[in-house]
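Remember, our numbering sits 808 above the position in the sequence shown when you count from 1.
Every residue gets a Cβ at the ideal spot worked out from N, C-alpha and C, and that includes glycine.
Worksheet: the structure to be examined is printed underneath.
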Amino acid sequence: MTRANRATAISCANIAFVKYWGRKDHALRLPLNASISMNLDRATTTTTVQFDPALDADQIMIEGVEVTPEAAQRVSQHLDRVRSLAVNQTRARVVSRNSFPMGAGIASSASAFAALTVAACAAADLSMSERELTILARLGSGSACRSIPAGFVEWHAGDASNDSYAEQIAPPAHWNLHDLIAIVQKEHKKVGSTKGHELVDPSPFAQARLAEAERILPVIRDALLAHDFATFGEETEQEAIRMHAVAMTSRPSLLYWSPETIRIMHAIHDWRAEGLASYFTIDAGANVHVLYLGENTSVIETRLRALPGVQDVIANRPGPGTRLVADHLF
Ligand code: DP6
């Protein structure tokens, strides 16, 4: 343990272009397919972890309030993984803050478990490689492994825990890609992605979507590396629609889109027909991620903000990896 037994990490959420949807091992969070994402520089979680021998249970506060017993159990289980690596059973105080609304389709579990992993390992004085940190973060939340490296990241599906890890495919400066998150719903999703992954099998489209995800992985990776926005955007948008087709045809059916979601999807198709190159992707929620290229805020952002039902827009650029910071939350 460090002298203070305390450390703070900041992590970006990420948006997946090839999605993680469904697992071959739920306990180990081994995904059915490899995925590719970008860190979101304006959607961050900051977490301070302090191991304190005076505590007889973990204390977990998010946004200034004590978390539900279910959330506390998931965080404590993750701290147990760190404690077992550190061979130390000391309980911890965890305080966490987000720069965005929780449970609203911005993968808050990704930045949350990435920040928790890096802060807890540092507080426990564990020295870990980036790859080891991605594997550990994945056990807390699958998508969290992609928030550890900087910029554009690929998560290799793997067949066992040690080969299911994430690594950078390009640094943040590689591409001037913008991700505008149009917030149309701030409240918690009724069925979160953790449960959604378990409901994939009954969908008659599950196998077809998996085959397509495997086919497009190198297509999206190559388009990203070659700055080919048209191929990248087209394939990313289709992948999102396929993921939602699987979700909608799961049992029970998971219908994440709201009328506002669909209105934005139509608007983007109309803008493209006008020559404004933008594409959408959507995670397990109603909010829409609008992708476009450019230097400055564009006409797309102005138009998006003007659409009815758009409560807020978070404008993201490719973000850094999860890192330790000197300012603690307590
Ligand atoms: C739709 O990583 O939230 O955002 O492993 O159960 O924590 P758990 O699931 P989670 O699933 C993310 C699903 C997604 C697609 C993606 O980010 O790839």
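Endpoints, the beta strand (DSSP E) within which isoleucine 844 is located: As a position in the sequence shown, residue 844 is number 36, starting the count at 1. First-last of the beta strand (DSSP E) with isoleucine 844: 843-859.
Quiz item: Which ranges does the beta strand (DSSP E) cover as unbroken runs of at least 3 residues, wholly within the stretch 891-964, from first to last along the chain?
Solution: 900-906 and 960-963
Distance, arginine 837 Cα to glycine 950 Cα:
Start at 1 with the first residue of the sequence shown, and residue 950 comes out as number 142. Start at 1 with the first residue of the sequence shown, and residue 837 comes out as number 29. About 6 Å.
Exercise. Compute every distance between the C-beta of alanine 817 and the non-hydrogen atoms of ligand 1, then say whether any falls below 6 Å.
Key: As a first step, residue 817 must be located in the sequence shown, where it is residue number 9. No, since every heavy atom of ligand 1 falls outside the 6 Å radius drawn around the Cβ of alanine 817.
(message) At a threshold of 6 Å, does threonine 856 count as lining ligand 3 (C-beta to nearest heavy atom)?
(response) Annotation note on ligand 3: not contained in the displayed structure, which lists ligand 1 as its ligands.
(request) Indicate whether phenylalanine 859 and threonine 898 have their beta-carbon atoms separated by less than 7 Å. (result) Against the sequence shown, residue 859 aligns to sequence position 51. Against the sequence shown, residue 898 aligns to sequence position 90. Yes, they are a contact pair.
Secondary structure of arginine 831, DSSP reduced to three states: The sequence position of residue 831 within the sequence shown is 23, counting from 1. Strand at arginine 831.
- Query: Is threonine 942 closer than 7 Å to tyrosine 767 when the C-beta atoms are compared?
  - Reply: No statement about residue 767 is possible, as the shown extent of the chain runs from 809 to 1138 and does not include it.
| field | aspartate 987 beta carbon less than 7 Å from that of leucine 1099 | value | Counted from its first residue, the sequence shown places residue 1099 at position 291. Counted from its first residue, the sequence shown places residue 987 at position 179. Closer than 7 Å, so yes.
Q. Hey, is the stretch 873-881 in contact with the stretch 847-861, meaning 3+ C-beta pairs nearer than 8 Å?
A. Touching, no, given that fewer than three Cβ pairs across the two stretches are closer than 8 Å.
Exercise. What are the boundary residues of the alpha helix (DSSP H) that phenylalanine 1040 is part of?
Worked result: Numbered from its first residue, the sequence shown carries residue 1040 at position 232. 1037-1056 is the span of the alpha helix (DSSP H), which, as asked, contains phenylalanine 1040.
TODO: Return helix, strand or coil for proline 839, following the three-state DSSP convention.
DONE: Against the sequence shown, residue 839 aligns to sequence position 31. Proline 839: strand per DSSP, three-state reduction.
| said: Which of the three DSSP states is assigned to leucine 1062 in this structure? | reply: Here residue 1062 refers to the residue found at position 254 of the sequence shown. In the structure shown, leucine 1062 sits in coil (DSSP, three-state: anything other than H, G, I, E or B).
Give the straight-line distance between the Cα atoms of isoleucine 868 and asparagine 813, rounded to the nearest whole angstrom. For the purposes of this step, residue 868 is taken as the residue at position 60 of the sequence shown. For the purposes of this step, residue 813 is taken as the residue at position 5 of the sequence shown. Isoleucine 868 and asparagine 813: Cα-Cα distance of roughly 16 Å.
Query - Nearest-angstrom Cβ-Cβ length linking isoleucine 1072 and tyrosine 1087, presumed shorter than 8 Å - result: Indexing the sequence shown from 1 puts residue 1072 at position 264. Indexing the sequence shown from 1 puts residue 1087 at position 279. Wrong, their Cβ atoms sit about 12 Å apart, outside the cutoff.
* Cα separation between glutamine 993 and leucine 947? -> As a working mapping, residue 993 is identified with position 185 in the sequence shown. As a working mapping, residue 947 is identified with position 139 in the sequence shown. Roughly 28 Å between the two C-alpha positions.
> Are at least three pairs of beta-carbons, each pair with one atom in the stretch 1048-1067 and one in the stretch 1009-1027, less than 8 Å apart?
Replying inline: yes
- Query: What did DSSP end up calling aspartate 967 once you bin it into helix, strand or coil?
  - Reply: The residue given as residue 967 occupies position 159 in the sequence shown. In the structure shown, aspartate 967 sits in coil (DSSP, three-state: anything other than H, G, I, E or B).
Helix, strand or coil for isoleucine 1090, going by three-state DSSP, please let me know. Within the sequence shown, residue 1090 is the residue found at index 282, counting from 1. DSSP places isoleucine 1090 in coil when its eight states are reduced to three.
Worksheet item: Looking only at its own chain, which residues have a Cβ that is under 6 Å from the Cβ of valine 903, when we skip the five neighbours before and after it?
Response: In the sequence shown, counting from the first residue as 1, residue 903 sits at position 95. By the criterion of a C-beta distance shorter than 6 Å, valine 903 is surrounded in its chain by Thr856, Met869, Leu1137 and Phe1138, once the five residues flanking it on both sides are discounted.
**Asked** Helix, strand or coil: which one does DSSP assign to proline 1116?
**Response** For the purposes of this step, residue 1116 is taken as the residue at position 308 of the sequence shown. If DSSP states are grouped into helix, strand and coil, proline 1116 belongs with coil.
**Study point:** C-alpha gap between methionine 1111 and aspartate 888, whole angstroms
**Key:** If you number the sequence shown from 1, residue 1111 lands on position 303. If you number the sequence shown from 1, residue 888 lands on position 80. Contrary to the premise, residue 1111 reads as arginine rather than methionine in this sequence. A straight line joining the alpha-carbon of arginine 1111 with that of aspartate 888 spans about 47 Å.
Handout entry: Beta-bridge pairing of proline 1128 - partner residues as DSSP gives them
Key = Taking the first residue of the sequence shown as 1, we reach residue 1128 at position 320. Bridge partners of proline 1128: none, in fact.
Problem set entry | Member of Ser1061, Asp849, Val1133 and Gln1119 whose CA lies at the smallest distance from the CA of proline 1010 | Position 202 of the sequence shown, counting from 1, holds the residue named residue 1010. The shortest C-alpha separation from proline 1010 is found at Ser1061.
- Message: Using the Cβ count rule (16 or more neighbours within 10 Å means buried), how would you classify aspartate 1078?
- Response: Taking the sequence shown and counting its residues from 1, the one referred to as residue 1078 is at position 270. Exposed.
With H, G and I counted as helix, E and B as strand and the rest as coil, what does DSSP make of serine 884? Residue 884 sits at position 76 when you count from the first residue of the sequence shown. In the structure shown, serine 884 sits in a helix (DSSP, three-state: H, G or I).
Item checked: Rounded separation between valine 1096 and glycine 1000 - CA only -> Start at 1 with the first residue of the sequence shown, and residue 1096 comes out as number 288. Start at 1 with the first residue of the sequence shown, and residue 1000 comes out as number 192. Cα-Cα distance, rounded: 16 Å.
Helix, strand or coil at valine 826 [DSSP, three-state]: Within the sequence shown, residue 826 is the residue found at index 18, counting from 1. DSSP places valine 826 in strand when its eight states are reduced to three.
What's the C-alpha gap between alanine 894 and methionine 936?
Here residue 894 corresponds to residue number 86 of the sequence shown, with the count starting at 1. Here residue 936 corresponds to residue number 128 of the sequence shown, with the count starting at 1. The alpha-carbon separation between alanine 894 and methionine 936 amounts to approximately 11 Å.
Own chain partners of threonine 1057 with C-beta closer than 7 Å, once the 5 adjacent residues on each side are dropped
Here residue 1057 corresponds to residue number 249 of the sequence shown, with the count starting at 1. Here the set comprises Ser1011, Pro1012 and Phe1013.
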